[in-house]
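Notes for the one structure printed next.
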Amino acid sequence: MKWCKKVVSLIISVCMVFAFVSTKENSAIAKGKEGREEVRVAVLAEKQATAPKSVEQVIHLLKEYGIKAEKISAKEVAKGELEKFDAIVIPGGRALNQAEALGEKGRKAIKEFIKKGGGYIGICAGTYLATNGEGEYEPYLGIVGAQVVDIKHWNRGCGDVQVRVKSLEHPVISGYYGNLTVHYENGPILKKIDVPNIPSYVELASYTSDIHDNGPEGITPNTPALIASEYGEGRIVLFSFHPEYTAGLGKMLVQAVLWCAKTSPEEYPLKLKKVHDMKVKGTWLWGSTVYNLGADGAKIITDQMKEYGFTDMFLLVKGTAGRVDYNSRIALGLAHPDRDILKEVVEEAHKKGIRVHAWFVVNSDKQWATLHPEDRMVHIKKGPDDSRISPLSVNYREYIKNLVKEVLENYKVDGIHLDYMRYPHIVFGFNENYEVAEAAKIGIDMDKIKSLIDRTFYTDKDGKYIFEAYDKGDKDVVSWVEIRKNAVKSFAEEIKEVVKSYSRRVKFSAALMPEGAYNSNFLTAQNDSKTFALVHYGQDYQDASSIYDFAVPMLYWRDYDKSPQWTAALYNNAAEIFGNNKRVYAGLQTYSPVKTYDLSEAVSYIKQSESEGIVFFRFGTFGLSKTAVKEAENGEKVMTVIMTNPLNQDNSPNVDITKVEIELKGNYIAKEIVERSSEIFAKISENRKVIIITGNPCIPQNGTLKIAISVQGEESKDVEPAQVRFYVTDKYYEVRVYNQY
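The letter at position 306 of the sequence shown is residue 400 when you use my numbering, and the numbering goes up by one with no holes.
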């Protein structure tokens with residue numbers, strides 16, 4: 095018995111010593127108020143070496159997520175003060191200046207810090223600093239098996255570029271997928287090298303853009319944009335781009351810090367602020383969608399919109415064919431001669447406090463093209479188009495302005511909304527009476543223009559000659575693009591004059607192609623550039639900001655093979671151009687192949703960007719749901735989900751919902767179903783995270799279904815309590831659902 099007591103005593107003593115050593119080794123991790131470990135991060139801040147904007151933005155982002163971040167000077171690093179921290183961020187700036195400021199002692203201190211288990215996060219210059227340098231770059235740290243390629247062209251370009259996520263399972267990149275739009279400022283181009291005692295890095299994302307504004311072509315594609323590695327006991331994450339400057343990548347930077355600090359969002363709960371709610375929730379709506387529902391179509395749709403929090407409707411009153419959806423005395427054709435769709439919608443919408451914007455397709459009009467063939471847009475190869483009209487036609491401009499005036503005088507619309515206020519492609523715009531005549535006045539070499547376009551799309555088919563000529567300042571190309579840009583701008587300005595002369599309260603807006611919101615040129619990012627938009631469409635966001643009360647960039651991410659993060663990056667750029675986020679609403683895709691998860695992600699990104707509003711394209715292509723969690727009298731938490739099926743035959747012949755899945759988010763789990771219709775079958779999945787509902791149908795067209803589930807757990811601040819998915823037909827084809835929360 096005495097022997098046992100001695101053994102127990104010895105074990106306790108050993109455990110206490112081990113605990114003391116462990117505590118000392120992890121002295122940088124302090125206990126928070128609630129007993130959770132507190133991650134502390136140092137951010138290098140040194141004059142002439144680190145960019146103040148990068149330093150401040152890194153600290154701001156980390157603090158937003160509840161991570162303690164503070165500046166540290168090079169002298170403090172050299173003195174050994176890194177021991178108080180879990181990780182160090184070396185931000186943007188100048189890598190050689192950073193190495194010089196740190197000195198040999200500071201550089202050694204960083205390496206020792208990482209060896210003993212500290213974390214290192216490098217951003218742009220901080221990534222240069224981490225690599226293996228030669229010659230004048232020998233002071234680099236050499237803590238990763240990488241070297242910079244073509245370092246003599248380090249200033250290769252700045253702006254938005256594209257990267258593709260590679261290691262989906264890695265904690266740093268968790269939640270991100272597909273193609274991301276990132277902000278680049280002369281970041282390092284890396285190649286893998288063998289360094290003794292340093293493991294190979296893991297490539298988390300690679301560049302797809304060929305960044306060559308000030309350097310040779312073909313260097314950047316497929317090179318690492320983001321890597322993770324180890325050095326001794328420590329971890330390293332290196333960003334070649336700037337996550338702190340990129341909308342939607344704040345969480346990626348946080349995940350990098352947590353991984354380097356050897357913790358995770360699960361172990362170290364992030365303190366997220368409540369997501370911003372938007373004042374404007376709108377949707378584009380075809381007149382045919384209203385018409386197909388019969389005489390009560392306007393009432394049915396506006397009732398649904400009101401129920402699910404929509405504030406604005408963009409009703410198509412003139413489509414690409416040129417026919418209008420109201421009783422017009424001057425239009426060349428009526429879409430539905432037996433009904434006045436605009437009148438019906440305005441009356442029903444205004445009863446419910448919903449604003450109506452009359453949506454006009456401008457530079458496409460088959461009716462006008464048939465009657466006035468001389469005004470048609472001309473394709474460089476195919477000749478006159480059968481529906482597109484040159485924006486320089488004076489007669490067509492007058493016709494459009496008269497249609498707008500007619501709507502303003504006869505209907506109490508809240509806004510005039512323009513679409514197709516652009517050229518469709520650089521191969522259009524060769525009408526001898528208009529664009530070519532304007533070019534002749536100022537001596538543009540049209541043979542050169544046609545040759546460049548021919549090489550770009552038809553002979554060499556490299557897709558770049560005309561765009562690169564513009565970026566390099568070719569006089570003829572720049573002047574040709576200017577003619578088209580001025581045609582678009584002046585047409586819009588004339589319509590604005592009509593709108594504002596009628597009433598200052600009527601909002602004037604336009605749907606814009608998304609590429610114009612990029613802040614990079616073609617030499618930096620190819621098709622993902624403002625050059626691409628300007629040359630192709632003649633559409634300029636700077637011009638638009640001086641014309642429209644607000645704009646709606648059409649951020650249809652799946653059409654561009656992007657991830658939902660792209661919507662936030664371009665939205666933020668557009669808001670910056672327009673001066674504030676109150677003048678830009680995000681236009682989001684709600685048609686196939688978008689799924690509920692995609693749509694929810696995009697909405698979340700836009701909310702985090704503190705947007706004034708969103709507009710969905712288009713009503714009748716997506717389902718509706720809303721979720722509320724309340725405490726019942728017995729103390730149980732009850733989640734109530736209300737769902738409506740507004741699908742319309744003008745989108746798909748299958749409009750009845752035959753299956754519904756309700757996936758609980760946050761850490762909610764379902765206990766039991768407490769309320770449901772007797773006409774459906776509902777069950778809880780084995781993991782208690784999904785409610786599966788079936789029926790034949792379970793929600794018919796324009797039907798509504800309500801279900802209540804007792805739940806336990808808490809919701810997350812950055813995501814809705816539940817996501818709902820609709821399915822149609824026996825094959826269970828998914829229809830995306832907008833979840834109001």
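A virtual CB, placed ideally from N, CA and C, is assigned to each residue, including glycine.
Look at the alpha carbon of residue i and the alpha carbon of residue j, and state the distance between them as a whole number of angstroms.
{"i": "Leu379", "j": "Asn728", "result": "44 Å"}
{"i": "Val571", "j": "Phe561", "result": "9 Å"}
{"i": "Lys127", "j": "Val351", "result": "In this predicted model, Lys127 has a pLDDT of only 31, less than 50, meaning its place in the structure is not dependable enough to derive any value."}
{"i": "Lys406", "j": "Thr377", "result": "The sequence as given places Asp at residue 406; Lys does not occur at that position. Cα to Cα, Asp406 sits roughly 7 Å from Thr377."}
{"i": "Gln142", "j": "Leu262", "result": "37 Å"}
{"i": "Asp244", "j": "Asp622", "result": "24 Å"}
{"i": "Val626", "j": "Gly187", "result": "One detail in the question is off: residue 626 reads as Phe in this sequence, not Val. Approximately 30 Å between the Cα atoms of the pair."}
{"i": "Pro282", "j": "Glu140", "result": "20 Å"}
{"i": "Gly174", "j": "Tyr559", "result": "55 Å"}
{"i": "Ile547", "j": "Lys569", "result": "15 Å"}
{"i": "Val754", "j": "Pro747", "result": "19 Å"}
{"i": "Ile204", "j": "Val171", "result": "7 Å"}
{"i": "Gln659", "j": "Gln256", "result": "11 Å"}
{"i": "Gly509", "j": "Ser603", "result": "7 Å"}
Tell me whether residue i is buried or exposed, calling it buried when 16 or more other Cβ atoms sit within 10 Å of its Cβ.
{"i": "Gly523", "result": "buried"}
{"i": "Tyr642", "result": "buried"}
{"i": "Ser694", "result": "buried"}
{"i": "Ala389", "result": "exposed"}
{"i": "His451", "result": "buried"}
{"i": "Leu465", "result": "exposed"}
{"i": "Thr314", "result": "buried"}
{"i": "Asn489", "result": "exposed"}
{"i": "Pro647", "result": "buried"}
{"i": "Ser121", "result": "Its pLDDT being 39, under 50, Ser121 is placed unreliably by the model, and the measurement read from it follows with that caveat. Classification of Ser121: exposed, given that the 10 Å Cβ count is below 16."}
{"i": "Lys590", "result": "buried"}
{"i": "Ser597", "result": "exposed"}
Can you check DSSP and say which residues form a bridge with residue i?
{"i": "Asp254", "result": "His277"}
{"i": "Arg417", "result": "Answer is none; Arg417 lacks a bridge partner."}
{"i": "Met733", "result": "Val723 and Ile803"}
{"i": "Tyr301", "result": "Val257"}
{"i": "Gly477", "result": "His473"}
{"i": "Ala136", "result": "Glu164 and Ile182"}
{"i": "Lys777", "result": "Ile786"}
{"i": "Ser603", "result": "His511 and Phe644"}
{"i": "Val439", "result": "DSSP, once it has assigned bridges, lists no residue as partnering Val439."}
{"i": "Tyr832", "result": "Leu718"}
Between the options, which has its C-alpha nearest residue i's C-alpha?
{"i": "Lys579", "options": "Arg652, Asp634 and Ala619", "result": "Asp634"}
{"i": "Tyr517", "options": "Val498, Val678 and Ser481", "result": "Ser481"}
{"i": "Ala224", "options": "Leu190, Lys590, His277 and Gly447", "result": "Leu190"}
{"i": "Gly309", "options": "Val440, Gly326, Lys753 and Leu617", "result": "Leu617"}
{"i": "Leu741", "options": "Ile538, Glu757, Lys544 and Asn386", "result": "Asn386"}
{"i": "Lys356", "options": "Lys400, Tyr339 and Ile208", "result": "Ile208"}
{"i": "Tyr301", "options": "Asp288, Ser358, Ile292 and Tyr278", "result": "Tyr278"}
{"i": "Ile756", "options": "Val749, Leu718, Asp744 and Pro791", "result": "Leu718"}
{"i": "Asp744", "options": "Leu138, Arg599, Ala203 and Arg712", "result": "Arg712"}
{"i": "Gly269", "options": "Val348, Asn249, Tyr596 and Tyr832", "result": "Val348"}
{"i": "Asp692", "options": "Asp541, Val732, Arg830 and Val784", "result": "Arg830"}
{"i": "Lys624", "options": "Gln806, Gln817 and Asn613", "result": "Asn613"}
{"i": "Glu670", "options": "Ala645, Arg652 and Tyr650", "result": "Ala645"}
{"i": "Asn666", "options": "Arg652, Lys365, Ala638 and Glu706", "result": "Glu706"}
{"i": "Asn739", "options": "Val688, Phe820 and Ile767", "result": "Phe820"}
{"i": "Leu343", "options": "Tyr159, Phe710, Ile536 and Met540", "result": "Tyr159"}
Quick check on residue i: does DSSP put it in helix, strand or coil?
{"i": "Tyr685", "result": "coil"}
{"i": "Gly381", "result": "helix"}
{"i": "Phe179", "result": "coil"}
{"i": "Tyr271", "result": "coil"}
{"i": "Cys354", "result": "helix"}
{"i": "Met540", "result": "helix"}
{"i": "Trp248", "result": "coil"}
{"i": "Tyr514", "result": "coil"}
{"i": "Asp307", "result": "coil"}
{"i": "Asp812", "result": "coil"}
{"i": "Gln636", "result": "helix"}
{"i": "Arg491", "result": "helix"}
{"i": "Lys506", "result": "coil"}
{"i": "Thr221", "result": "helix"}
{"i": "Arg433", "result": "coil"}
Answer yes or no: does any C-beta atom of chain C fall closer than 8 Å to that of residue i?
{"i": "Tyr420", "result": "Absence of chain C from the displayed structure is noted, only one protein chain being present."}
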